[in-house]
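Trainee:
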Amino acid sequence: MSADAITQNPGVTPGVEKKAFAVRLSWQWAAFGAIALAACGHLLIKLGLSSAAHHAALSGLADKVSLYLFHSALPLGLAVYGIGTLLWIKAVSSRNISFLYPLTALNYVIVSIGGKLFFNETISTGRWIGIAVVVLGVALLQRSVKEDQP
Amino acid sequence: MTPTAALWISIVLGACAQVFLKRGVSPEGGTPPSGLALLRSRWVLAWGASFVIATGLWLVGLSRMEISYAFPLLSMGYPIVAVLSMLFLKERVTPARWIAILIITAGVAIIWRTA
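Heads up: the sequence lines are chains A and B, in that order.
Counted from 1, the first sequence has number 43 at position 43 by the working numbering; the numbering is strictly sequential.
Convert by adding 150 to the 1-based position in the second sequence; the result is the number in the working numbering.
#1: Run through chain A and tell me which residues come within less than 7 Å of B/Thr264, C-beta to C-beta.
#2: Among residues of its own chain, excluding the 5 on either side of B/Ser235, which ones have a beta-carbon nearer than 8 Å to its beta-carbon?
#3: If B/Leu252 sits next to B/Ile161, beta carbons under 8 Å apart, how far is it from one beta carbon to the other, in whole angstroms?
#4: Using a C-beta to C-beta distance shorter than 9 Å, which residues of chain A count as neighbours of B/Glu241?
#5: If contacts are defined as beta-carbon pairs under 8 Å, then A/Gly137 and B/Gly257 qualify, I think. What distance do you get, rounded to the angstrom?
#6: Within a Cβ cutoff of 8 Å, which residues of the same chain sit near B/Met215, ignoring the five residues on either side of it in sequence?
#7: Which residue marks the beginning of the alpha helix (DSSP H) containing A/Gly60, and which one marks its end?
#8: Below 8 Å, can you find three or more Cβ-Cβ pairs linking the stretch 26 to 45 of chain A to the stretch 106 to 113 of chain A?
#9: Could you tell me the boundaries of the alpha helix (DSSP H) in which B/Phe221 lies?
#10: Could you tell me whether any Cβ in chain A is nearer than 8 Å to the Cβ of B/Arg192?
#11: Would you check if the distance between the CB atom of B/Ser200 and the CB atom of B/Gly174 is smaller than 8 Å?
#12: Just how far apart, CA to CA, sit B/Ala165 and A/Asn96?
#13: For A/Gly33, which residues from the same chain have a beta carbon less than 7 Å from its beta carbon, with the 5 sequence-adjacent residues on both sides left out?
#14: Run the CB neighbour count on B/Val233, radius 10 Å, all protein chains shown included, and call it buried at 16 or more, exposed below.
#15: Going by alpha carbons, who is nearest to B/Thr264 out of A/Ser124, A/Phe119, A/Ala73, A/Ala79?
#16: Could you tell me the alpha carbon to alpha carbon distance between A/Leu140 and B/Val210, rounded to whole angstroms?
#17: If you draw a straight line from the alpha carbon of B/Trp248 to that of B/Val231, how long is it in whole angstroms?
#18: When DSSP labels each residue in this structure, what does A/Asn107 get in the three-state scheme?
#19: Taking the beta carbon of B/Trp262 as the centre, do at least 16 other beta carbons fall within 10 Å, making it buried, or is it exposed?
#20: Quick one: what's got a C-beta closer than 8 Å to B/Leu189's C-beta in the same chain, skipping five residues either side?
#21: Going along chain A in order, which residues have a C-beta closer than 8 Å to the C-beta of B/Ile249?
#22: Give me the subset of the stretch 81 to 95 of chain A whose CB atoms are less than 9 Å from a CB atom of chain E, sorted by chain position.
#23: With a 10 Å radius around its C-beta and 16 neighbouring C-beta atoms as the bar for buried, classify B/Thr255 as buried or exposed.
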């Protein structure tokens with residue numbers, strides 16, 4: 001291959017290479033950010049609901065409502081979930097949905113491990129196996145992203 | 151509507167929602183909308199509506215169903231989205247991607263089956 005052929009091939013010019021890298025970084029931040037924020041949102045909603053339920057036993061209906069709306073992690077969780085949704089829209093605009101959507105299975109992995117860390121929930125052996133299978137599938141899926149036309 | 155029907159319609163509608171969103175943010179020809187213009191896209195609105203209806207049907211089905219039966223059904227969303235993306239978005243789902251999708255489907259079913 002002549003030097004001319006190399007410079008005419010956009011795949012090997014340094015400038016294009018750099019841009020391709022930037023684009024890849026941005027969808028990865030958007031997709032994994034969206035999944036992580038959705039999981040954090042779920043955990044915060046859980047924290048909000050359980051702390052509100054704990055306090056509500058001691059107070060009347062008005063206090064109960066205000067606890068749910070203003071003093072718990074519930075609104076924060078919903079806000080985090082909302083920001084995650086915006087990031088998801090960004091990710092979907094740049095990659096195939098047949099690739100991106102199965103990645104969201106990581107949500108269950110993060111929520112399971114978060115539940116164990118923050119709420120002392122137990123993870124059964126069967127669930128650990130499921131988590132390992134999902135992680136394996138996501139790793140395989142990642143390898144298939146290069147097949148897509150951007 | 152039986153609880154089983156409600157759950158399945160919820161799963162399929164949830165999968166359709168993702169395909170609607172993709173069509174909305176990556177339209178065939180024409181510039182993709184961004185920012186508030188997204189709210190004027192009919193596909194994006196269809197995504198929002200499908201999501202809300204799917205969530206409602208999910209809660210209806212779940213309230214009258216064994217959790218160990220209902221939650222593993224969530225894993226069916228991944229192959230359904232792949233099939234819909236081939237049919238309506240002309241996405242190319244390679245054998246390698248199918249294998250990855252089916253492994254993820256199995257993993258999510260195991261997570262919920264043994265929860």
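For glycine and all other residues, C-beta sits at the position ideal for the given N, C-alpha and C.
Mentor: Well, looking at it:
#1: Residue numbering aside, residue 264 of chain B sits at position 114 when the second sequence is read from its first letter. Ordered by position in chain A, the residues that pass the 7 Å Cβ test against B/Thr264 are Ser124, Gly126, Arg127, Gly130.
#2: By 1-based counting over the second sequence, the position of residue 235 of chain B is 85. So the list reads Val169, Lys172, Glu241, Val243, once near-sequence residues are dropped.
#3: Counting from 1 along the second sequence, the entry for residue 252 of chain B is found at position 102. Counting from 1 along the second sequence, the entry for residue 161 of chain B is found at position 11. The pair is not a contact, with the Cβ atoms about 16 Å apart (cut-off 8 Å).
#4: The sequence position of residue 241 of chain B within the second sequence is 91, counting from 1. Within chain A, the residues near B/Glu241 are Asn96, Ile97, Ser98, Phe99, Asp148.
#5: Translated into the one-based positions of the first sequence, residue 137 of chain A becomes position 137. Translated into the one-based positions of the second sequence, residue 257 of chain B becomes position 107. Between B/Gly257 and A/Gly137 the Cβ distance is about 6 Å, and since that is below 8 Å, they are a contact.
#6: In the second sequence, the residue the question calls residue 215 of chain B occupies position 65. Excluding sequence neighbours, B/Met215 sits near Pro153, Thr154, Leu157.
#7: Within the first sequence, numbered from 1, the residue matching residue 60 of chain A stands at position 60. Taken as a continuous stretch (DSSP letters only), A/Gly60 belongs to no alpha helix (DSSP H), as it is neither H nor E.
#8: yes
#9: Along the second sequence, read from residue 1 onward, the residue named residue 221 of chain B stands at position 71. B/Phe221 -> no alpha helix (DSSP H), and no H or E assigned at all.
#10: Along the second sequence, one-based indexing puts residue 192 of chain B at 42. It does not; no Cβ of chain A falls within 8 Å.
#11: On the second sequence, position 50 is the one that residue 200 of chain B refers to. On the second sequence, position 24 is the one that residue 174 of chain B refers to. No, the pair does not count as a contact, with Cβ atoms beyond the cut-off.
#12: As a position in the second sequence, residue 165 of chain B is number 15, starting the count at 1. As a position in the first sequence, residue 96 of chain A is number 96, starting the count at 1. Rounded to the nearest angstrom, the two C-alpha atoms are 14 Å apart.
#13: Position 33 of the first sequence, counting from 1, holds the residue named residue 33 of chain A. So the list reads Leu87, once near-sequence residues are dropped.
#14: Here residue 233 of chain B refers to the residue found at position 83 when the second sequence is read from its first residue. The residue is exposed, with fewer than 16 neighbouring Cβ atoms inside 10 Å.
#15: Translated into positions along the second sequence, residue 264 of chain B becomes position 114. Ranking the options by Cα distance to B/Thr264, first place goes to A/Ser124.
#16: Indexing the first sequence from 1 puts residue 140 of chain A at position 140. Indexing the second sequence from 1 puts residue 210 of chain B at position 60. Distance between the alpha carbons of A/Leu140 and B/Val210: 35 Å.
#17: If you number the second sequence from 1, residue 248 of chain B lands on position 98. If you number the second sequence from 1, residue 231 of chain B lands on position 81. Roughly 11 Å between the two C-alpha positions.
#18: Numbered from its first residue, the first sequence carries residue 107 of chain A at position 107. Here A/Asn107 sits in helix by DSSP.
#19: Locating residue 262 of chain B in the second sequence gives position 112, where the first residue counts as 1. That one is buried.
#20: For the purposes of this step, residue 189 of chain B is taken as residue 39 along the second sequence, with counting starting at 1. So the qualifying residues of the chain are Leu195.
#21: What you label residue 249 of chain B is simply residue 99 of the second sequence in a count that begins at 1. Here the neighbours are Leu140.
#22: Any reference to chain E falls outside this structure, whose protein chains are A and B.
#23: The sequence position of residue 255 of chain B within the second sequence is 105, counting from 1. Answer is buried; the Cβ neighbour count reaches 16.
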